[in-house]
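Trainee:
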């Protein structure tokens, strides 16, 4: 009986993941086809098959260049960034046992943005002769900023060995305000080019996605995301409480530090590539938990897939709504996420009455 229930639950989880995978494939195909330059679905298929040696049709060279050099790297990067934000949000919510926790809310995004801006304004001009530093400097600075800020929020919210949720959120608000002030101070010293670049970047932008950025994102977002997937047992134990997890043999502090580092790395690199994209880490894990339960064996991979779907869909709208211009993708995710955040707060208040 129990074995049958376990098999049935595992079967359901597999079906959910397969469904989300197919949904991501569908959205990716739409994104490849739609834009200022429309490519038919048949042409998309012919071009992709041609790349793996199965092409037998005449290929439109303009469509091929648009698809392979502009849209495909953008879609792959949005999969990594959106998926990374989703799984990082799921890990942080599970670790803090709070559905309101989100990478932006507790300072990861603002900390990453602060260090990235400092790097762009003050350091980027000094490393022009060092290609490795040019490639790795900005992602490392963003990761370091996110990690420092989230550790600061975590320490401020600790009291007698426990994490107080209200203090956590208040500390996150304070750290975000401080980071915003320091970003403004840094931009005071920026030239017009850097200022204009930061303005678009701060609103979220995937327009600069290129193949050269993909290997770094695959390594620094994809690998930490895979490592987070292996933490599902620890997160399930932490969901029962830190004391209970400790008695189950979990090294609580080491696990929490590991989760913070992996989440900060994912969000920091995502911020360095695409700018400030908020609320995905808040919305996605909560939707998965509402629909399919709180088992992190499903929540973590499903959050990655749904985060990738949501960011790809938002990017598709950003590219097509006011074509040939583009809307800032961070604005779209905020327009979706802010009302959802208000709904969460309202729902939590009702549950306390």
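Numbering (the working numbering), first residue to last: 1 to 353.
Beta carbons are placed, not taken as given, at the ideal position from N, Cα and C, and that holds for glycine.
Note that the structure is predicted; figures quoted are calculated from it, not measured.
My assumption, with CB atoms under 8 Å, is that residue 186 sits in contact with residue 121. Please give the rounded CB distance.
Mentor: Between residue 121 and residue 186 the Cβ distance is about 5 Å, and since that is below 8 Å, they are a contact.
Trainee: By the three-class DSSP mapping on this structure, what secondary structure does residue 205 have?
Mentor: DSSP places residue 205 in coil when its eight states are reduced to three.
Trainee: Are the beta-carbon atoms belonging to residue 87 and residue 150 less than 8 Å from one another?
Mentor: No.
Trainee: DSSP three-state label for residue 356, please.
Mentor: With the chain running from 1 to 353 in the structure shown, residue 356 is simply not present.
Trainee: Determine, using beta-carbon pairs with one atom in the segment 82-99 and one in the segment 287-306, whether at least three such pairs fall under 8 Å.
Mentor: The segment 82-99, when compared against the segment 287-306, does touch it at the 8 Å Cβ threshold.
Trainee: Excluding the 5 residues flanking residue 156 on each side, which residues of the same chain have their C-beta closer than 6 Å to its C-beta?
Mentor: Excluding sequence neighbours, residue 156 sits near 171.
Trainee: Using the C-alpha atoms, what's the distance from residue 75 back to residue 28?
Mentor: If I take the Cα positions, the gap works out to 7 Å.
Trainee: Alpha carbon to alpha carbon, what distance is there between residue 146 and residue 271?
Mentor: If you take the alpha carbons of residue 271 and residue 146, they lie about 10 Å apart.
Trainee: In angstroms with no decimal places, state the Cα-to-Cα distance between residue 117 and residue 10.
Mentor: Answer to the nearest angstrom: the Cα atoms are 45 Å apart.
Trainee: Under the three-state reduction of DSSP, which class applies to residue 167: helix, strand or coil?
Mentor: Note: residue 167 maps to helix in three-state DSSP.
Trainee: I think residue 298 touches residue 101, with their Cβ atoms under 8 Å apart; what is that distance to the nearest whole Å?
Mentor: With a Cβ gap of about 19 Å, residue 298 and residue 101 do not count as contacting.
Trainee: Could you tell me the alpha carbon to alpha carbon distance between residue 207 and residue 73, rounded to whole angstroms?
Mentor: Going from the Cα of residue 207 to the Cα of residue 73 covers about 10 Å.
Trainee: Using a Cβ-Cβ cut-off of 8 Å (strictly less than) and excluding sequence neighbours within five positions of residue 312, which residues of its own chain qualify?
Mentor: Closer than 8 Å at Cβ, skipping near neighbours: 24, 27, 28, 31, 75, 78, 79, 82.
Trainee: Please state the DSSP three-state secondary structure of residue 356.
Mentor: The requested residue 356 does not occur in the structure, where the chain is confined to residues 1 to 353.
Trainee: Excluding the five sequence neighbours on either side, which residues of its own chain have a C-beta within less than 6 Å of the C-beta of residue 92, listed in chain order?
Mentor: Closer than 6 Å at the Cβ level, and outside the excluded window around residue 92, lie 101, 263.
Trainee: So, with DSSP's three-state summary, where would you put residue 231?
Mentor: DSSP places residue 231 in coil when its eight states are reduced to three.
Trainee: How big is the Cα-Cα spacing for residue 320 and residue 334?
Mentor: Cα to Cα, residue 320 sits roughly 18 Å from residue 334.
Trainee: Helix, strand or coil for residue 36 per DSSP?
Mentor: If DSSP states are grouped into helix, strand and coil, residue 36 belongs with coil.
Trainee: In whole angstroms, what is the alpha-carbon distance linking residue 327 and residue 318?
Mentor: Answer to the nearest angstrom: the Cα atoms are 5 Å apart.
Trainee: With a threshold of 16 other CB atoms inside 10 Å of the CB of residue 140, please say whether the residue is buried or exposed.
Mentor: Counting Cβ neighbours within 10 Å, residue 140 comes out buried, since at least 16 surround it.
Trainee: When you compare each of 291, 331, 280 to residue 309 by their alpha carbons, which one comes out closest?
Mentor: Of 291, 331, 280, the residue nearest in Cα terms is 280.
Trainee: Taking Cβ to Cβ, would you say residue 227 is nearer than 8 Å to residue 143?
Mentor: Taking 8 Å as the Cβ cut-off, residue 227 and residue 143 do not qualify as a contacting pair.
Trainee: Check residue 331 in the structure and name its three-state DSSP category.
Mentor: If DSSP states are grouped into helix, strand and coil, residue 331 belongs with the helices.
Trainee: Can you check the segment 87-140 for any alpha helix (DSSP H) of at least 4 residues that lies completely inside it and give the ranges in chain order?
Mentor: Here the runs fully enclosed are 108-118.
Trainee: Can you tell me whether residue 210 is helix, strand or coil according to DSSP?
Mentor: Coil, per DSSP.
Trainee: Near residue 114, which residues of its chain fall below 6 Å by C-beta distance, leaving aside the five closest residues on each side in sequence?
Mentor: If we look at residue 114 and ignore the five residues flanking it on each side, its Cβ neighbours are 145, 179, 182, 183.
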